[in-house]
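Q: If you scroll down you'll find the structure; I have some questions about it.
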Amino acid sequence: MSHPVAAPADFRQLIYEALKAWSARPDAGATLAGLRLVQVELDAGAANPRQATNRVLLSAIKALALAHGREADLLRMRFLDGQAIHIVANRLNAAEPSIYRWQSQAIDHLAALLWQQEQQAIEQRIAALEARLEPATYSELVGVEALQTALLEQLLGPPAAYLTSINGIGGIGKTSLADAALRTAIRRAPHNEVAWISARRQRFDFGGRLHSLDQPALTVDALLDALVVQLLPGTPRFAEASQAIAALRASFTRQPVIIAVDNLETAADLQNLLPVLRQLANPARFVLTTRHSLFGEPGIFHFSVPELSEADALRLVRLEAAQRNLSGLAAADAAVLRPIYQTVGGNPLAIRLLIGQAHVRSLPGILEDLAAARGAPVEQLYSYVYRAAWERLDEPCRRALLAMPLIAPQGGSLEQIAAISQLDLGALADALSELVMLNLVDSRAPLLSRRRYSIHALTRTFLLEQVARWM
Ligand SMILES: Nc1ncnc2c1ncn2[C@@H]1O[C@H](COP(=O)(O)OP(=O)(O)O)[C@@H](O)[C@H]1O
Ligand SMILES: [Mg+2]
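According to this note's numbering, the residues represented by the sequence shown are 1 to 471, in order.
Structure, rendered in structure tokens:
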């Protein structure tokens, strides 16, 4: 038997209290009710926390008996059978002070054992929750610390809204942010529940290939089925959506739950899906990732994922290069790397694709390909990021977007874009709202000055060459 580390004093105290309460009535509560070990017994069918606690204690005393038989006997006599000290002293043929000393030692050992079991149970719980997520695509996220903190606050702190959406263009890092937030939430509060629902239809790999996923578009029924599988395992399928919703809501009262819905923009029927999310929300908290911002919907807390800054983009370049053992690139000067940022901007997906090509191509060659929209990987990257959105655009939207590369990188005013696009102000304002909603154009409105519109460097590069082939 490995030697368990000593349990913290307050944990030992809890165990002692629980032993003393062995015969307490179920409605007296249970001091160990917060333990994962007790929850496991409840899930396995214990009638109440009191009974679950006793099962946990009993199995620990049995384990203790393997190494410390006499201590286990002593604990049984004293707490399970409720025998007084003098009786036990008599039976074990020892003086009362010795019994007190043994008892104290026995509780130390029992607490150490339970502490170790509890840590293992928590690790198992964490692993089971993490298994509901998709494998992480990153080893480290760069430049998004503030966003991560604010997002976690929405998921674990007092929420401003129960629906949180992460908005942004393809490849900007929405899924990764949601994934990182759930992973942190799982570690910080492993007793909470999490679920991960993916509505993704496509995957882009760093060899530059776009894969269609063999997965139907997300519907209300598919969403509810997936939630029941993850949150109410073993429950048969419900015939009616309303029954599934009621069962899920009932389970939410037992422990807090965070549900991620990834790529909501691909859902088959958002107008039917959103009301279901609202029925489940509060107490459930949702984090939605979407390329189409839901600014028109009430009660949603929005995060827009911005491009990485130049410094963070270059950090990601070096990190990615180092991980791929491209040591020359990893050690290169900012001056050498800056053209990467000028061409793809701060889009992490594009940066990682580009570095992935560096095993077989020179950096200037890769950048030329990107600028000229040459080669399959580049073509597929543009398809992944822009195709679906481009196809949704009507004529005025396309004209407004095509005017954007002629605007200064810091952005332009409505009037400047009107002059270039030849759209009248009303039509242009509508077109820009749509483009902002689709995250193709960024809009910034410093409180006391005029709204300015800008595009990411990757979008600029895309508009200058690739898009002509789609028209
Ligand atoms: N902040 C970041 N730092 C490092 N890598 C990132 C970052 N954000 C995203 N990535 C990586 O870039 C790629 C695209 O990110 P992803 O989260 O899939 O974007 P989205 O969901 O917005 O399309 C992924 O491989 C991801 O691991
Ligand atoms: Mg995504």
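Ideal placement from N, C-alpha and C gives every residue a C-beta, glycine not left out.
Using 8 Å as the threshold, is the stretch 176-189 in touch with the stretch 151-163, meaning 3 or more CB pairs across them?
A: Output reads yes: the stretch 151-163 touches the stretch 176-189.
Q: Quick check: the Cα distance between aspartate 43 and proline 256, rounded to an integer number of angstroms?
A: Answer to the nearest angstrom: the Cα atoms are 16 Å apart.
Q: Does the Cβ of glutamate 71 have 16 or more other Cβ atoms within 10 Å, making it buried, or fewer, making it exposed?
A: Buried, since its Cβ has 16 or more Cβ neighbours within 10 Å.
Q: Below 8 Å on the Cβ atoms is my contact criterion, and I expect asparagine 167 with valine 305 to pass it. Report the Cβ-Cβ distance as a whole number of Å.
A: Right, the Cβ-Cβ distance comes to about 7 Å (below 8 Å), so this counts as a contact.
Q: Can you tell me whether arginine 76 is helix, strand or coil according to DSSP?
A: Note: arginine 76 maps to helix in three-state DSSP.
Q: Would you kindly report the start and end of the unbroken alpha helix (DSSP H) that includes glutamate 434?
A: 425-437 is the extent of the alpha helix (DSSP H) around glutamate 434.
Q: Considering isoleucine 340, what are the terminal residues of the alpha helix (DSSP H) in which it resides?
A: Note, isoleucine 340: alpha helix (DSSP H), 334-344.
Q: Are leucine 273 and valine 220 close, meaning C-beta to C-beta below 9 Å?
A: It is a contact, given that the beta carbons lie within the stated cut-off.
Q: Taking 8 Å as the cut-off, is the CB of aspartate 262 close to at least one heavy atom of ligand 2?
A: Because some heavy atom of ligand 2 lies under 8 Å away, the Cβ of aspartate 262 counts as near it: yes.
Q: Beta carbon of isoleucine 455, beta carbon of asparagine 347: below 9 Å?
A: Not in contact: isoleucine 455 and asparagine 347 (Cβ atoms no closer than 9 Å).
Q: Would you tell me roughly how many angstroms separate the C-alpha atoms of threonine 266 and proline 236, rounded to the nearest one?
A: Approximately 27 Å, taken between the alpha carbons.
Q: Please say whether glutamate 134 and glutamine 214 have beta carbons closer to each other than 9 Å?
A: First, the residue type needs correcting, since residue 214 is aspartate and not glutamine in the sequence shown. Contact: no.
Q: Per DSSP, what are the beta-bridge partners of serine 443 in this structure?
A: Bridge partners of serine 443: Tyr453.
Q: Check the C-beta distance from leucine 58 over to alanine 121 and give it rounded, since I have them as a contact under 8 Å.
A: Not quite, the Cβ-Cβ distance comes to about 16 Å (not below 8 Å), so this is no contact.
Q: Out of Gly412, Arg387, Ala330 and Leu177, point me to the one whose CA is closest to alanine 136's CA.
A: Of Gly412, Arg387, Ala330 and Leu177, the residue nearest in Cα terms is Leu177.
Q: Could you check what DSSP says for serine 262 in three-state terms: helix, strand or coil?
A: Reading the sequence as shown, one finds aspartate at residue 262 and not serine. Three-state result, aspartate 262: strand.
Q: Tell me whether tryptophan 553 sits in a helix, a strand or coil according to DSSP, three-state version.
A: Because the chain spans 1 through 471 in this model, residue 553 falls outside it and cannot be assessed.
Q: Residue ranges of each alpha helix (DSSP H) run of no fewer than 4 residues wholly in the stretch 272-333, ordered along the chain?
A: Taking only runs of at least 4 residues, the alpha helix (DSSP H) segments lying wholly in the stretch 272-333 are 310-323 and 327-330.
Q: Could you tell me whether any non-hydrogen atom of ligand 2 is closer than 8 Å to the CB of threonine 175?
A: The answer is yes for threonine 175.
Q: On the three-pair Cβ rule with 8 Å, is the stretch 395-407 touching the stretch 421-432?
A: They touch, by the three-pair rule.
Q: For arginine 352, is the beta carbon positioned less than 8 Å from some heavy atom of ligand 1?
A: Yes.
Q: Does the distance from the CB of proline 159 to the CB of arginine 285 come in under 9 Å?
A: Taking 9 Å as the Cβ cut-off, proline 159 and arginine 285 qualify as a contacting pair.
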